[in-house]
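What follows is a set of notes on a single structure, which appears directly below.
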Amino acid sequence: MADTNTFKLALHQNKQWAQATVSDQPDFFPTLASGQKPQILWIGCSDSRIPETTVLGLKPGDVFVHRNIANILPPTDINSQSVIAYAVAHLKVMHIVVCGHTSCGGVNAALANQKLGLIDTWLMPLRKLRAENKPAWDKEGLSDKERTVKLVEANVRQGVQTLKENAEVIDGMRERGVVVHGLVYDLGSGELRELEIEEEELEGKKREEAFETK
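For the sequence shown, the numbering used here gives the first residue as 1109, with consecutive numbering after it.
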(Lines of atoms letter the chains of each structure in order from A and count residues from 1; the text may use other names and numbers.)
(Lines give C-alpha, C1' and ligand atoms only; values in the text may rest on other atoms or scores of the structure.)
Protein backbone atom coordinates (compact mmCIF):
# COMPACT_ATOMS: atom_id res chain seq x y z
CA MET A 1 0.00 0.00 0.00
CA ALA A 2 1.39 3.39 -0.97
CA ASP A 3 2.48 5.69 1.82
CA THR A 4 0.29 8.79 1.49
CA ASN A 5 1.75 10.65 4.47
CA THR A 6 4.53 12.32 2.47
CA PHE A 7 2.13 13.43 -0.25
CA LYS A 8 -0.40 14.79 2.25
CA LEU A 9 2.38 16.63 4.03
CA ALA A 10 3.54 18.09 0.72
CA LEU A 11 0.06 19.44 -0.06
CA HIS A 12 -0.24 20.89 3.43
CA GLN A 13 3.15 22.56 3.16
CA ASN A 14 2.21 23.95 -0.25
CA LYS A 15 -0.69 25.84 1.29
CA GLN A 16 1.55 27.14 4.05
CA TRP A 17 4.18 28.24 1.52
CA ALA A 18 1.63 29.94 -0.74
CA GLN A 19 0.05 31.80 2.18
CA ALA A 20 3.40 32.88 3.59
CA THR A 21 4.57 34.05 0.17
CA VAL A 22 1.40 36.11 -0.39
CA SER A 23 1.80 37.64 3.07
CA ASP A 24 5.41 38.60 2.39
CA GLN A 25 5.08 39.49 -1.33
CA PRO A 26 1.44 40.19 -2.32
CA ASP A 27 2.33 40.70 -6.00
CA PHE A 28 4.49 37.57 -6.36
CA PHE A 29 1.93 35.15 -7.81
CA PRO A 30 0.03 37.71 -9.93
CA THR A 31 3.38 38.68 -11.47
CA LEU A 32 4.25 35.05 -12.20
CA ALA A 33 0.81 34.47 -13.70
CA SER A 34 1.32 37.33 -16.15
CA GLY A 35 4.27 35.61 -17.84
CA GLN A 36 7.83 34.37 -17.41
CA LYS A 37 11.13 36.05 -18.16
CA PRO A 38 13.84 33.63 -16.98
CA GLN A 39 17.45 34.49 -17.66
CA ILE A 40 18.68 30.91 -17.29
CA LEU A 41 17.92 27.66 -19.10
CA TRP A 42 18.95 24.75 -16.87
CA ILE A 43 19.51 21.35 -18.45
CA GLY A 44 20.05 18.86 -15.67
CA CYS A 45 19.46 15.36 -14.38
CA SER A 46 16.07 14.12 -13.17
CA ASP A 47 17.70 13.14 -9.86
CA SER A 48 15.52 14.28 -6.95
CA ARG A 49 18.53 15.61 -5.04
CA ILE A 50 19.27 18.51 -7.38
CA PRO A 51 16.36 20.99 -7.35
CA GLU A 52 17.84 23.68 -9.57
CA THR A 53 16.06 26.72 -8.11
CA THR A 54 17.01 25.71 -4.56
CA VAL A 55 20.61 24.92 -5.54
CA LEU A 56 20.97 28.32 -7.22
CA GLY A 57 19.22 30.21 -4.42
CA LEU A 58 16.64 31.57 -6.88
CA LYS A 59 12.85 31.76 -7.05
CA PRO A 60 10.06 30.33 -9.23
CA GLY A 61 10.19 32.12 -12.56
CA ASP A 62 13.96 32.60 -12.56
CA VAL A 63 14.95 29.35 -14.29
CA PHE A 64 13.52 27.55 -17.32
CA VAL A 65 14.16 23.83 -16.89
CA HIS A 66 14.70 20.63 -18.83
CA ARG A 67 15.68 17.50 -16.93
CA ASN A 68 16.22 13.90 -17.99
CA ILE A 69 18.13 10.82 -16.90
CA ALA A 70 21.84 11.75 -16.61
CA ASN A 71 21.37 15.15 -18.34
CA ILE A 72 22.10 13.66 -21.76
CA LEU A 73 21.66 15.95 -24.79
CA PRO A 74 21.30 13.93 -28.00
CA PRO A 75 21.05 16.37 -30.94
CA THR A 76 18.16 14.30 -32.33
CA ASP A 77 16.04 14.37 -29.15
CA ILE A 78 12.98 16.45 -30.07
CA ASN A 79 12.08 16.99 -26.42
CA SER A 80 15.28 18.72 -25.32
CA GLN A 81 15.72 20.47 -28.68
CA SER A 82 12.22 21.94 -28.41
CA VAL A 83 12.96 23.24 -24.92
CA ILE A 84 16.22 24.81 -26.13
CA ALA A 85 14.54 26.46 -29.12
CA TYR A 86 11.73 27.90 -27.01
CA ALA A 87 14.07 29.13 -24.27
CA VAL A 88 16.49 30.83 -26.66
CA ALA A 89 14.24 32.10 -29.45
CA HIS A 90 11.14 33.05 -27.45
CA LEU A 91 12.04 33.48 -23.80
CA LYS A 92 15.36 35.09 -24.73
CA VAL A 93 17.41 33.46 -21.96
CA MET A 94 20.97 34.73 -21.63
CA HIS A 95 22.59 31.73 -19.94
CA ILE A 96 22.29 28.03 -20.78
CA VAL A 97 23.53 25.57 -18.18
CA VAL A 98 24.30 21.89 -18.64
CA CYS A 99 24.68 20.45 -15.15
CA GLY A 100 25.90 16.98 -14.24
CA HIS A 101 26.38 15.74 -10.70
CA THR A 102 28.35 13.32 -8.55
CA SER A 103 26.80 9.97 -7.57
CA CYS A 104 24.73 9.94 -10.76
CA GLY A 105 22.89 6.65 -11.21
CA GLY A 106 22.95 6.90 -15.00
CA VAL A 107 26.68 7.53 -15.09
CA ASN A 108 27.36 4.67 -12.68
CA ALA A 109 25.20 2.33 -14.78
CA ALA A 110 27.09 3.29 -17.94
CA LEU A 111 30.45 2.78 -16.25
CA ALA A 112 29.48 -0.64 -14.91
CA ASN A 113 27.83 -1.55 -18.24
CA GLN A 114 24.75 -2.64 -16.32
CA LYS A 115 21.68 -3.94 -18.12
CA LEU A 116 18.67 -1.86 -17.08
CA GLY A 117 16.09 -2.47 -19.80
CA LEU A 118 14.48 0.43 -21.66
CA ILE A 119 16.88 2.97 -20.15
CA ASP A 120 19.81 1.20 -21.84
CA THR A 121 18.90 2.88 -25.13
CA TRP A 122 18.87 6.30 -23.50
CA LEU A 123 22.26 5.70 -21.88
CA MET A 124 23.97 4.76 -25.17
CA PRO A 125 25.72 8.18 -25.50
CA LEU A 126 27.21 7.68 -22.02
CA ARG A 127 28.35 4.16 -22.86
CA LYS A 128 29.99 5.53 -26.00
CA LEU A 129 31.83 8.20 -23.99
CA ARG A 130 32.99 5.52 -21.55
CA ALA A 131 34.33 3.36 -24.39
CA GLU A 132 36.12 6.32 -26.01
CA ASN A 133 37.83 7.37 -22.77
CA LYS A 134 38.49 3.97 -21.17
CA PRO A 135 41.97 3.46 -22.75
CA ALA A 136 43.18 6.81 -21.41
CA TRP A 137 41.65 6.18 -17.98
CA ASP A 138 43.24 2.74 -17.84
CA LYS A 139 46.61 4.25 -18.75
CA GLU A 140 46.24 6.84 -15.98
CA GLY A 141 45.25 4.15 -13.50
CA LEU A 142 42.13 6.00 -12.40
CA SER A 143 40.02 4.62 -9.56
CA ASP A 144 36.30 3.89 -9.99
CA LYS A 145 35.47 7.13 -8.19
CA GLU A 146 37.78 9.12 -10.44
CA ARG A 147 36.30 7.49 -13.54
CA THR A 148 32.83 8.46 -12.38
CA VAL A 149 33.83 12.12 -12.09
CA LYS A 150 35.58 11.98 -15.47
CA LEU A 151 32.49 10.55 -17.16
CA VAL A 152 30.24 13.13 -15.52
CA GLU A 153 32.53 15.86 -16.85
CA ALA A 154 32.78 14.28 -20.31
CA ASN A 155 28.99 14.09 -20.52
CA VAL A 156 28.65 17.76 -19.57
CA ARG A 157 31.27 18.75 -22.13
CA GLN A 158 29.44 16.75 -24.79
CA GLY A 159 26.24 18.56 -23.87
CA VAL A 160 27.94 21.94 -24.16
CA GLN A 161 29.30 20.97 -27.58
CA THR A 162 25.84 19.87 -28.73
CA LEU A 163 24.39 23.18 -27.60
CA LYS A 164 27.01 25.16 -29.48
CA GLU A 165 26.11 23.27 -32.66
CA ASN A 166 22.43 24.18 -32.25
CA ALA A 167 21.24 26.80 -34.77
CA GLU A 168 19.12 28.71 -32.24
CA VAL A 169 21.99 28.81 -29.76
CA ILE A 170 24.45 29.94 -32.44
CA ASP A 171 22.09 32.82 -33.30
CA GLY A 172 21.67 33.67 -29.61
CA MET A 173 25.43 33.68 -29.03
CA ARG A 174 26.05 35.87 -32.06
CA GLU A 175 23.14 38.30 -31.71
CA ARG A 176 22.63 38.61 -27.94
CA GLY A 177 25.73 37.25 -26.27
CA VAL A 178 24.12 34.08 -24.92
CA VAL A 179 26.61 32.13 -22.79
CA VAL A 180 26.73 28.33 -22.44
CA HIS A 181 28.02 26.91 -19.14
CA GLY A 182 29.09 23.40 -18.10
CA LEU A 183 28.61 22.73 -14.38
CA VAL A 184 29.07 19.80 -12.03
CA TYR A 185 27.11 19.66 -8.78
CA ASP A 186 28.78 17.97 -5.81
CA LEU A 187 26.13 16.15 -3.79
CA GLY A 188 28.55 15.84 -0.89
CA SER A 189 29.05 19.58 -0.47
CA GLY A 190 26.09 21.17 -2.25
CA GLU A 191 28.42 23.28 -4.38
CA LEU A 192 28.54 23.86 -8.12
CA ARG A 193 31.79 23.78 -10.08
CA GLU A 194 32.08 25.35 -13.52
CA LEU A 195 34.16 23.43 -16.04
CA GLU A 196 36.74 25.18 -18.16
CA ILE A 197 35.79 24.36 -21.74
CA GLU A 198 38.16 26.57 -23.71
CA GLU A 199 38.67 24.14 -26.59
CA GLU A 200 34.95 23.59 -26.99
CA GLU A 201 34.36 27.34 -26.88
CA LEU A 202 36.93 27.83 -29.63
CA GLU A 203 35.31 25.13 -31.72
CA GLY A 204 31.94 26.76 -31.05
CA LYS A 205 33.21 30.03 -32.49
CA LYS A 206 34.52 28.20 -35.56
CA ARG A 207 31.14 26.53 -36.05
CA GLU A 208 29.44 29.88 -35.58
CA GLU A 209 31.63 31.47 -38.25
CA ALA A 210 31.01 28.54 -40.59
CA PHE A 211 27.27 28.89 -40.00
CA GLU A 212 27.44 32.59 -40.94
CA THR A 213 29.04 31.78 -44.30
CA LYS A 214 26.31 29.38 -45.36
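Quick reminder that beta carbons are idealized off the backbone N, C-alpha and C, glycines included. Model, not experiment: these values are computed from the prediction.
- DSSP, reduced to helix, strand and coil, places Asn-1221 outside both helices and strands of the structure shown, so it counts as coil.
- With respect to the 8 Å criterion, Phe-1172 and Ala-1197 are not classified as neighbours on the basis of their beta carbons.
- Between the stretch 1261-1268 and the stretch 1197-1210, the count of Cβ pairs shorter than 8 Å is three or higher; the stretches touch.
- The count of Cβ pairs closer than 8 Å, one atom from the stretch 1290-1303 and one from the stretch 1156-1170, reaches three, so the stretches are in contact.
- With a beta-carbon spacing of about 5 Å, Ala-1218 and Leu-1231 fall inside the 8 Å limit used to define contacts.
- For the options Thr-1129, His-1174, Val-1191, the alpha carbon positioned closest to that of Ser-1154 is the one of His-1174.
- In the structure shown, Gly-1280 adopts helical secondary structure according to DSSP, grouped into three states.
- The beta-bridge partner set that DSSP reports for Gly-1290 consists of Val-1206.
- In this chain, the beta strand (DSSP E) harbouring Asn-1176 covers 1171-1176.
- Distance from the CA of Ile-1278 to the CA of Leu-1234, rounded to the nearest whole angstrom, comes to 25 Å.
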